[in-house]
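In the numbering used here, the protein residues as written are 34 to 230. For every residue, glycine included, the Cβ atom is placed at its ideal position computed from N, Cα and C. Taking it in order: structure first as structure tokens, then the write-up.
Right, here's the structure in full:
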């Protein structure tokens, strides 16, 4: 997960110095998680990719206004959410929505590797458990544990109540913990999983 301080620094470089290097770095750092988020709305990785790419074009075009943004991470997710919803309306208008299959690859784990050294086997087990969560559960879990959003921020972003976020997180944590013997074998992982924001 990209640190908020780095996001602010990159935005300053883009807004004040028209830095293409900072823009490319911001794109590379935020791209995957935003595409995954858009995919959870659109159910199409291809459409999600298009939405995020278009969003970043707008970011560059409006770069002089970026410094006014207080919470860039929320701004990016909200912007992508709105663009994805508009795309969804456009798709539904142009054709009947079929059961488009989609896959979201959660490539980064929901904690910093520096904070917890886990074997590749355990990481694989955790990723498997996360990927088996129901779609709503998975996106909420990812926003809270991977992107570091508070429950209230995730609720606001998804237009749901904080209680719904809490309930979905409880379901997610219960399923992940019962997926393997995490609590007994890896108490530090159990501690990280159960930290509430």
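Straight-line gap, residue i to residue j (C-alpha atoms, nearest Å)
i, j, result
"residue 48", "residue 97", "5 Å"
"residue 166", "residue 179", "15 Å"
"residue 183", "residue 194", "13 Å"
"residue 52", "residue 76", "33 Å"
"residue 94", "residue 210", "45 Å"
"residue 89", "residue 160", "28 Å"
"residue 99", "residue 200", "35 Å"
"residue 50", "residue 168", "40 Å"
"residue 102", "residue 108", "7 Å"
"residue 170", "residue 45", "34 Å"
"residue 206", "residue 162", "10 Å"
"residue 208", "residue 202", "10 Å"
"residue 91", "residue 125", "24 Å"
"residue 37", "residue 204", "28 Å"
"residue 57", "residue 123", "29 Å"
Beta-carbon gap between residue i and residue j smaller than 9 Å
i, j, result
"residue 64", "residue 105", "no"
"residue 237", "residue 43", "This structure cannot speak to residue 237, because the chain is shown only from 34 to 230."
"residue 55", "residue 87", "no"
"residue 190", "residue 110", "yes"
Close Cβ partners of residue i (< 7 Å) along its chain, the five nearest in sequence each way excluded
i, result
"residue 62", "35"
"residue 120", "75, 80, 84"
"residue 187", "173, 176, 177, 198"
"residue 118", "74"
"residue 113", "67, 70, 71, 84, 85, 88"
"residue 185", "195"
6 Å Cβ shell around residue i - same chain, five flanking residues per side excluded
i, result
"residue 82", "68"
"residue 147", "In this predicted model, residue 147 has a pLDDT of only 41, less than 50, meaning its place in the structure is not dependable; the value taken from the coordinates is given anyway. Correct list: empty, nothing qualifies."
"residue 192", "none"
"residue 133", "In this prediction, residue 133 has a pLDDT of 36, which is less than 50 and means its spatial position is unreliable; what the coordinates show is noted afterwards. 76, 77, listed in sequence order."
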